[in-house]
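The structure appears right after this line, and notes come after that.
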Amino acid sequence: MTRRISIFGATGSIGESTFDLTMRAGGPGAFHTVAVTGARNTARLAEMARALRAEVAVTADPGCLADLRARLAGSGIEAAAGPAALVEAADRPADWVMSAIVGFAGLPPGLAALRHGATLALANKESLVTAGPLLMETARRHGATILPVDSEHSAVFQALTGEDIACVERVIITASGGAFRDWPLDRLARATVAEASSHPNWAMGQRITIDSASMFNKALEVIETREFFDIAPERIEVLVHPESLVHALVGFCDGGLMAHLGAPDMRHAIGYALNWPTRAPLPVARLDLGQIGRLTFRDPDPARYPALRLAREVMATRGLAGAVFNGAKEAALDAFIAGRLPFTGMAAVVERVLARMSAQSGLGNADITLDNLCDADREARALARECTGARVD
Ligand code: NAD
Ligand code: MG
């Protein structure tokens, strides 16, 4: 039977790689594509929808609907727009759904896909950070499967195959250290958006690239590890590994360490999720370790990467703390990109928002419902904007 697939965030970095793999696997001959979604790049979205012969193409921006419709004219492909249309697209049953929207906006469609029992290939780590227990419980209740599509988490998942989670002593996720790993600390405050947007090893969307430089990305990933694998925070470690070839290691109670290595190419993690539970050949470079010669590791410097400490606070509080952390981080990142906040100001703002909202009662005990998460997200963004001097709307 032809597999029904949907790609949320198709026009982004992960989306493009997913599109590439599905086309290589036969495109419309191999899959029935239900939905592809994007935001303002309607030209590319329409092109992908036509190539995969999707049922529907959705733009997140209602202002782009007329343009998308015009680009799809004569194809028989439906066009839709806005957050509700994204959820509606996720309500159309599919067997395999790529969740590759960036940010909190990826959560509602992901939840909808899980309610229909889909296999959710989860690149949108913000979903697990903000709503881990809700996401995992929704999957359990509806017999759905979540497969991690972060290179580190795919690596851990693969290292854990056939293992008993009770025998896991620790999980080590690696970090390249980002664009500024070797900068003098006192220069960080003056780092520009262009400098923060260039990653030494991975080609990714701009937001996650800047989050790699600040290690907010790794902070999100530590929480993602905690939520996805249900591993106690003190068992999760971060290791700086500038070569980005070892993606993660799992340490077992007998002292054995299983490492996962591969080229820094997201098509491995995406392809693994696409082919799971089997494996199939993928167009990624093969490592020649003899040529590479050596791999290096070091502990992260807490002064350079305060985001890692904040992640520990979030895991200690739980509840809505992840939504507050992520919302404040997204708003602080917006402010940095807009030139309203220095690079080092992002962690300072997130810390202030977390402290203010943690002082309110109930952050750790509140029910994790979509409504409560949206409220926490909204409030955290508003507070962060206040801290950065932006107009609060
Ligand atoms: P990207 O910015 O390249 O693409 C994001 C996609 O989401 C685009 O299709 C964009 O149109 C869409 N989008 C943006 N804002 C939206 C909104 N408000 N509503 C709906 N759609 C919206 O991002 P990316 O680098 O591909 O990352 C996507 C997700 O995958 C993120 O959660 C990121 O953390 C995660 N991830 C990415 C990588 C990577 O290598 N790029 C690796 C691991 C995890
Ligand atoms: Mg990652």
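If you read the sequence shown in the working numbering, its first letter stands for residue 4, the second for the next number, and so on.
Cβ coordinates follow ideal geometry from the N, Cα and C atoms, glycine included.
Which of helix, strand or coil DSSP assigns to residue i
i      : result
Leu340 : For the sequence presented, residue 340 should be read as Ile rather than Leu. Here Ile340 sits in helix by DSSP.
Pro151 : strand
Ser361 : helix
Leu68  : helix
Thr45  : helix
Phe34  : strand
Ser9   : strand
Val174 : strand
Leu239 : Residue identity check: residue 239 is Ile in the sequence provided, not Leu. Note: Ile239 maps to strand in three-state DSSP.
Met318 : helix
Arg301 : strand
Phe346 : coil
Ala115 : helix
Leu264 : strand
Cut-off 6 Å between Cβ atoms - residues of its own chain near residue i, not counting five sequence neighbours on either side
i      : result
Ala178 : Lys221, Val241 and Val243
Ala383 : Val327, Gly330, Ala331 and Val356
Thr14  : Gly41, Asn44, Arg47 and Leu48
Asp64  : Ala42 and Arg43
Pro284 : none
Under 7 Å between C-beta atoms of residue i and residue j
i      : j      : result
Val249 : Val174 : no
Ala84  : Leu376 : no
Ala103 : Gly18  : yes
Ser247 : Ala310 : no
Ser215 : Gly258 : no
Gly367 : Gly325 : no
Residue i to residue j span [Cα, whole Å]
i      : j      : result
Ile239 : Thr228 : 8 Å
Arg403 : Ala276 : The requested residue 403 is not part of the displayed model; the chain covers only 4 to 396.
Gly120 : Ala147 : 4 Å
Asn127 : Val105 : 6 Å
Trp205 : Pro267 : 6 Å
Arg6   : Met101 : 13 Å
Ala335 : Gly293 : 43 Å
Arg381 : Cys256 : 42 Å
Gly12  : Arg388 : 26 Å
Residues of its chain near residue i, where Cβ-Cβ distance is below 8 Å and the 5 sequence neighbours each way are ignored
i     : result
Pro31 : Ala54, Leu55 and Arg56
Spatial neighbours of residue i in its chain, beta-carbon cut-off 7 Å, leaving aside the 5 residues before and after
i     : result
Val61 : Ala38, Thr40, Ala83, Ala84, Ala88, Leu89 and Ala92
ask   = Do three or more CB pairs link the stretch 157 to 175 to the stretch 122 to 141 at distances below 8 Å?
value = no
key: the stretch 196 to 205 / the stretch 312 to 328 touching (three or more Cβ pairs under 8 Å)   = no
request  = Count the C-beta pairs between the stretch 49 to 65 and the stretch 16 to 32 that are closer than 8 Å, then say yes if the count reaches three, no if not.
outcome  = yes
inquiry  = Could you check whether the stretch 140 to 157 touches the stretch 110 to 124, counting it as contact only if at least three pairs of C-beta atoms, one from each stretch, sit closer than 8 Å?
reply    = yes
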